Every structure is written in structure tokens, then in C-alpha cells.
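K.L.:
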Amino acid sequence: MKLLKSAMRGFALMGLLAAVNAQADSVDAIKSRGVLTVGVVIDPPFGIKNKDGSISGYDVDFAFAIAKKLGVKPVVLELEAEDRVAALNNRKIDILTAFTKTFEREKLVSFSNGYFVTGQKFVAKIGKIKEMNDAKALSIGAVRGTTAEKTIKQELPTTSVISFVDIDEAFKFLQQGKIDAVTYDEPILAGKLSQMPGKQQYEISPVSVSVKAYGIAVFKGEKRLVNVINDTLGEMERAGDAERIFNRWFGPTTTSPLPRVFKIQS
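All letters in the sequence shown, in the order written, are residues -24 to -1, 1 to 242 by mature numbering (1 follows the signal peptide of the UniProt record, and there is no 0).
What follows is the structure in C-alpha cells.
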């Protein structure tokens, strides 16, 4: 009887695992409905809200390539930074772009290989932040729910960190003199600084808070979808498409000029 009960429990567990695996595999569902739903945060030049309401940018170009690989149409949804994981878990989106890869987040989502590498820095008045110690006595703005917010609180635990819904609100407070600096990823800071009134008074700090890699996140356990994304990223790197997309948004004539110091690993 004990053996029978044990076997029944075993079969029940196998059935549960099979159900979880089936639920976590959405590639067939994406192909069946013919749509890949992509979550993008409006952080130029990764995500840019155009006058007609459409969204373009570095992330969107990669999302379109992944949709093409799957043979479906891409649909891009605008998200707030703090709503990203919930959007994945609620199946509102299939993939989430520009999500910094961390050990803690890998417990919540599954990640693709990194497709962008950057450093977290500050924007402040010229000469105000030359090293990390200079920031300790300042009031610093960060976007709520981002790794930038978490990292600055860890690195400077006694510093006054003010959280904002988005980067636009943080820069508005900086321009009004209500905070001393804004911390975020360098390409986003560069894009916002280029459009800021009185930008000649400000600079991106020479010091980096951290270095991070962006991956594309999917619902936890979506192995097939991750494989499709990684295959696409690898093919784009080998074909030169990834570099061309980088130069389109971060080349020397753009508002966020940066050198490409990384390659997408297969």
C-alpha cells in the first residue's frame, strides 16, 4: 500500500511538472496568435515615444528582429519601470527589453544573453562629482524600481536618494535645483542631457557607480523562447546587424554618442 501511495504521489508530481512546463512554453502560443507582445520603457534612445504614438528605438529594432525570427507581427507596449516584472508575470507581454541582468532578477524571470553593456553614472553641475565620495552629501534622483535606484542606495547608504516615476521627472527636478544629481545608465543620461535647457552647466560624471549588461527577459522557465532570442541575437551580431543598430542610435552623429565596447556573445 505504501508503495502504491508513493507511486501515485510520484505520478502526480510528474503531472504537475509537465503542466508547469507546458504552461511556461509560449512559443507555440505566440506563433498561433501571430503576435509577439514587447514591453518597452520610454528611455531614449532605447525606447522613444514618437508624435504619432508609435514607439521606436534601439530596443524596438531588436524586438522586430525577434518577431521576424518567429514569423509573427511585433506589438510594442509602453511600460513604467516599476511595472515590468508584473507585466511579464501577468502575461501582458511576451518579452521585456533592456532589463538589467542581476542575480536577484534571475529568480523572477528568465534572461537572454546580454545585448547591451553600459555603466551607471551621474549627471550633475560641472565639477560637482569627480569621485564617489563627492556624491555622499548630495541629494540624488533615481528612477523607482530600477537597478540604478537599488545600486545607489547600496553604494551610498547615507546619501539622500529621491525616487521618481521616470527619468523626465528626475531631470525636471535637477533643472529646478531641487536635487543635486541624477543617476542612471550612461546612454539614457546622455540622451536626456542633450535635450536639457542649460545643458552647458551640466556633465556626465567621470565616475561609474557600476557596470551592467541588459538582457531580454521572459516569463520564468520559457526556455524555448530564450533559445529563439539568443539565436536571433547571435545571428545579428555575426551578420553585423547588431553593430548597425548600435550605430543608428549611439553613433557619433546621434544625441547619445557612445563607443561600442562589447559584442553579443553566442
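Backbone N, C-alpha and C define an ideal beta-carbon position, used for all residues, glycine too. Note that the coordinates shown come from a computational prediction; the quantities given were computed from them, not determined experimentally.
Is Thr73 near Asp37, with beta carbons less than 7 Å apart?
P.N.:
no
K.L.:
Within the same chain, show all residues whose beta-carbon is closer than 8 Å to that of Ala124, passing over the 5 residues directly before and after it, in chain order.
P.N.:
Within the same chain, Gln96, Ala118, Thr159, Tyr160, Asp161, Val185 come within 8 Å of Ala124 by CB-CB distance, once the 5 residues on both sides are set aside.
K.L.:
Rounded to the nearest angstrom, what separates Leu150 and Lys126 at their Cα positions?
P.N.:
20 Å
K.L.:
Reducing DSSP to helix, strand and coil, say where Ser242 ends up.
P.N.:
coil
K.L.:
Distance, Cα to Cα, Val202 vs Arg60?
P.N.:
17 Å
K.L.:
Could you check the C-alpha separation between Gly(-10) and Asp1 for me, to the nearest Å?
P.N.:
Confidence at Gly(-10) is low in this model, with a pLDDT of 44, below 50, so the placement of that residue is unreliable and no value is reported for it.
K.L.:
Using the C-alpha atoms, what's the distance from Leu234 back to Lys199?
P.N.:
32 Å
K.L.:
Quick check on the DSSP output: the alpha helix (DSSP H) that includes Gln130 runs from which residue to which?
P.N.:
123 to 131
K.L.:
Per DSSP, what are the beta-bridge partners of Ile102 in this structure?
P.N.:
Per DSSP, none; premise fails for Ile102.
K.L.:
Quick check: the Cα distance between Val(-5) and Gly210, rounded to an integer number of angstroms?
P.N.:
Confidence is the limiting factor: at Val(-5) the pLDDT is only 43, short of 50, which leaves the residue's position unreliable, though a coordinate-based value still follows. So the alpha carbons of these two residues sit roughly 29 Å apart.
K.L.:
Assuming Pro50 and Leu12 form a contact by the criterion Cβ under 8 Å, report the distance between their Cβ atoms to the nearest whole angstrom.
P.N.:
5 Å
K.L.:
Roughly how many angstroms lie between the CA atoms of Ile143 and Val52, to the nearest whole one?
P.N.:
20 Å
K.L.:
Which of the three DSSP states is assigned to Thr231 in this structure?
P.N.:
coil
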